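There are 2 protein chains.
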Amino acid sequence: MASLAQRAGVAASTVSRALRDDARISPEVRARITALAQEAGYTPNILARSMVLGRSGLIGLVLGPVENPFYAELMQQAVRLAAARGCRLLLLHAGPGPIEDATTEALLQYRVDGCLVTSAELSSKAAAICAANSVPLVMINRVAREHGSAVSCDNRAGAEVLAELLLQAGHRRLAVVTGNAATSTGRERTEGFCQSVAAAGGEAPALFTGGASHAAGFAAGQRIAALPAAERPDAVFAVADILAMGVIDALREAGLKVPGDVSVVGMDGISLAQRPPYRLTTLVQPLEAMVARGLDLLLTGIEHGAGAAPQERVLLRGTLRLGASCRLPGSPLPPSGIPDAALPAAE
Amino acid sequence: MASLAQRAGVAASTVSRALRDDARISPEVRARITALAQEAGYTPNILARSMVLGRSGLIGLVLGPVENPFYAELMQQAVRLAAARGCRLLLLHAGPGPIEDATTEALLQYRVDGCLVTSAELSSKAAAICAANSVPLVMINRVAREHGSAVSCDNRAGAEVLAELLLQAGHRRLAVVTGNAATSTGRERTEGFCQSVAAAGGEAPALFTGGASHAAGFAAGQRIAALPAAERPDAVFAVADILAMGVIDALREAGLKVPGDVSVVGMDGISLAQRPPYRLTTLVQPLEAMVARGLDLLLTGIEHGAGAAPQERVLLRGTLRLGASCRLPGSPLPPSGIPDAALPAAE
DNA sequence: TTGAAAGCGTTACCAC
DNA sequence: GTGGTAACGCTTTCAA
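Chains as they are written, first to last, in this note's numbering: chain Y, 1081 to 1427; chain C, 1081 to 1427.
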């Protein structure tokens, strides 16, 4: 910048202002400077700017295992939407396992303005460190234990919609393939489903422990298929699409028809589950809206200083996507979802 | 740091040295300073350090559409291995479509030390910009057009192994479901396969245009299934696992047995394709080694200045994984791959 | 072994 | 409308 200033015959501060479209720079000077900058191939050093501004424009991204395509799709949205807001993502963690200490440190060292966390074992230690350093924290698809805001799908309501759908289709022996017991998402979905069934006077669904992978769903599906026909559930809610795919594969491999013998529904809305041979009926999470909301929450926290605004939890309603993996209620349903009247009353 | 220095009764430079384990700091002073830093919750500001060192420790990561789980797995490895080398990833792009100009700019603005690119439409413009600013560039699973080094699986050799396998199993009417015509990876695999078949005196495989998604594979599979039995290939090589999954689904949906009626093999080694109902025979890319090699190439380029060392192309050999998606040769094969003697001679 | 000072590239403040 | 200067937090040279 100094050399630009010299060549333009102005001060460095003028160059700085000109390049950032400061209002009070004469058009001709600005033109001259921008031309010069262009020609010199000059790019401002954001690192230097960050030091003086106290904001890096960096957002830490913490992902869990991306074996579940949902998180890959989430990441894709996150990059795009962050860029649209002038932020860049510092990829801190992706994969199974807890976050390493070195990673938590990087978060502070690079002075990230905030942190977007999803599906990860963010130790409460890491969360505490963010809190201690007043780094705003937003979780997506997870509920924060203590610190930070959270955006998620209304998992209970979504699970209720699915329960209602299965009940309306005439299913009575229901089952749930659960997720990782440690995640709020999985718990909420399981509870919402069971409560909805109970409210409708149905028998309590059988629970099969799942996990967060196709393999876990497959294993659960095998256990279900191994049951004597009289005890076998005729409809299964897998708390994640990737699980539901595994369940379907196991049932079919065991010779059972889906949806002929067993209906299977999932939740998330990943694109692979939409395709043959699954054509999964599922509750689609409003992924783009969730990420956008999460980023905005983060930016608000950054703007006003973390802790200024109360930390909120945002629930976004998902939409039902009818596939061909479950028996449908006798009355034809609109393709966009089931009618409002069919929704169970709020709990 | 200044405040630490003051409290410790030393100069700032001493604090700096003490915290970075500079050899010539007396043990007691270091102890006092580290204790103080600990207690104050001090974290060095890497942004400031970057300015003076001229290295940010940041590596730009450019990903294509992660619909293909291969790239999600790659990303996971990249974060882990980069962290192990003391680098952090700046996620510049993920998803379909070309890289936006604003993104290319961010790459320069954040002074990334280098750039890891995979499966993306990195415009040659973006590559040129890296070259112009001497930002080392390494492509993984892609070949650089002009600038930058590249690491990839030996696609030709891998495709040859698969061709050999199918021929040995007695298949004679072969087909290839191709990838995106614009990607070197897809082209190399197709060519390697066809050349190997030709060398063995086989009939030229029928080509079906695919793409890079399950949907594309499915569409190709439908076209194959629609052929009259006499013309239908009895073995299909899909140039990516995700494509192969689509092919299998389409064939089965059309009532054909895989591998009974048609053998299908893929290439990549994504974990989902390994699972039922696919159990895909495929050539597994040595993903971890590829990413590690890519990073090391990048770091070497960073160390010695881009352009110092000649840009190289590294080919890593993949390994055959036998699944249940293709007929096997009469003679039992070792599980780790087919015997060396069965490999076609180098072209 | 430690200290002082210069400098990395930028922006903000206060003069003019 | 523009220039000078201090400051952001760190490392490094040069002295002591």
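Backbone N, C-alpha and C define an ideal beta-carbon position, used for all residues, glycine too.
Since the structure is predicted, the reported quantities are computational estimates derived from the model, not experimental observations.
Secondary structure note for residue 1206 of chain C: its alpha helix (DSSP H) is the uninterrupted segment 1204-1212. Taking 7 Å as the cut-off, the Cβ atoms of residue 1259 of chain Y and residue 1347 of chain Y do not count as close. Within the same chain, 1139, 1141, 1158, 1159 and 1162 come within 7 Å of residue 1169 of chain Y by CB-CB distance, once the 5 residues on both sides are set aside. Shown here, residue 1318 of chain Y sits in a strand according to DSSP, grouped into three states. Looking at the backbone, the Cα of residue 1381 of chain C and that of residue 1137 of chain C are separated by about 13 Å.
In the DSSP assignment, the residues bridged to residue 1347 of chain C are C/1363. Per DSSP, reduced to three states, the secondary structure at residue 1304 of chain Y is helical.
Residue state for residue 1289 of chain C is assigned as coil, using DSSP reduced to three classes. At a cut-off of 7 Å between C-beta atoms, residue 1126 of chain C counts as an interface residue with respect to chain Y. For residue 1183 of chain C, the residues of chain Y that pass the 8 Å Cβ criterion are 1163, in the order they occur in the chain. Contact annotation: in the region 1185-1209 of chain C, residues whose CB is within less than 8 Å of a CB in chain Y are 1185, 1186, 1188, 1189, 1190 and 1191.
For residue 1126 of chain Y, there is no enclosing beta strand (DSSP E); the enclosing alpha helix (DSSP H) has its first and last residue at 1126-1133. Among the residues of the region 1226-1253 of chain C, none has a Cβ less than 7 Å away from any Cβ of chain Y. With contacts defined by Cβ atoms closer than 7 Å, residue 1386 of chain C and residue 1130 of chain C do not form a contacting pair. Distance from the CA atom of residue 1083 of chain C to the CA atom of residue 1383 of chain Y, rounded to whole angstroms, is 26 Å. In this structure, the alpha-carbon of residue 1126 of chain Y lies about 21 Å from that of residue 1375 of chain Y. Where residue 1399 of chain Y is concerned, the enclosing beta strand (DSSP E) starts and stops at 1399-1401. By the rule that beta-carbons nearer than 7 Å mark a contact, residue 1130 of chain Y touches chain C. With the criterion set as a beta carbon lying under 8 Å from some beta carbon of chain Y, the members of the region 1315-1340 of chain C are 1326, 1329, 1330, 1332 and 1333, in sequence order. When the five nearest sequence neighbours on each side are left out, the beta carbons in the same chain lying within less than 8 Å of the beta carbon of residue 1389 of chain C are those of 1380 and 1381, in order along the chain.
Contact annotation: the region 1215-1226 of chain Y touches the region 1195-1202 of chain Y, with at least three C-beta pairs closer than 8 Å. Using a Cβ-Cβ distance cut-off of 8 Å, the region 1227-1243 of chain C and the region 1179-1187 of chain C are not in contact, since fewer than three pairs of beta carbons, one from each stretch, lie closer than that value. Per DSSP, reduced to three states, the secondary structure at residue 1179 of chain C is coil, with no helix or strand assignment.
Interface flag for residue 1294 of chain C against chain Y is set, since a Cβ pair is found closer than 7 Å. Contact annotation, residue 1284 of chain C with residue 1406 of chain C: C-beta distance approximately 20 Å; criterion of less than 8 Å not satisfied.
Taking 7 Å as the CB threshold, residue 1168 of chain C lines the interface with chain Y. Residues of chain Y with a Cβ closer than 8 Å to the Cβ of residue 1178 of chain C do not exist, since the nearest Cβ in that chain sits about 13 Å away. For residue 1370 of chain C, the closest Cβ of chain Y is not nearer than 7 Å. The criterion of a C-beta distance shorter than 7 Å is not satisfied by residue 1257 of chain C and residue 1273 of chain C. Chain Y has a Cβ within less than 7 Å of the Cβ of residue 1357 of chain C. Closer than 7 Å to the CB of residue 1152 of chain Y there is at least one CB belonging to chain C. In the three-state reduction of the DSSP assignment, residue 1406 of chain Y falls in the coil class. Residue 1175 of chain C has a beta carbon lying within less than 7 Å of a beta carbon in chain Y. According to the DSSP secondary-structure assignment, residue 1219 of chain Y is paired through a beta bridge with Y/1197 and Y/1230.
Taking a cut-off of 8 Å for Cβ pairs, the region 1331-1341 of chain Y and the region 1265-1281 of chain Y do not touch, as fewer than three such pairs fall below it.
Residue 1101 of chain Y counts as exposed, since fewer than 16 other C-beta atoms from the protein chains shown sit within 10 angstroms of its C-beta.
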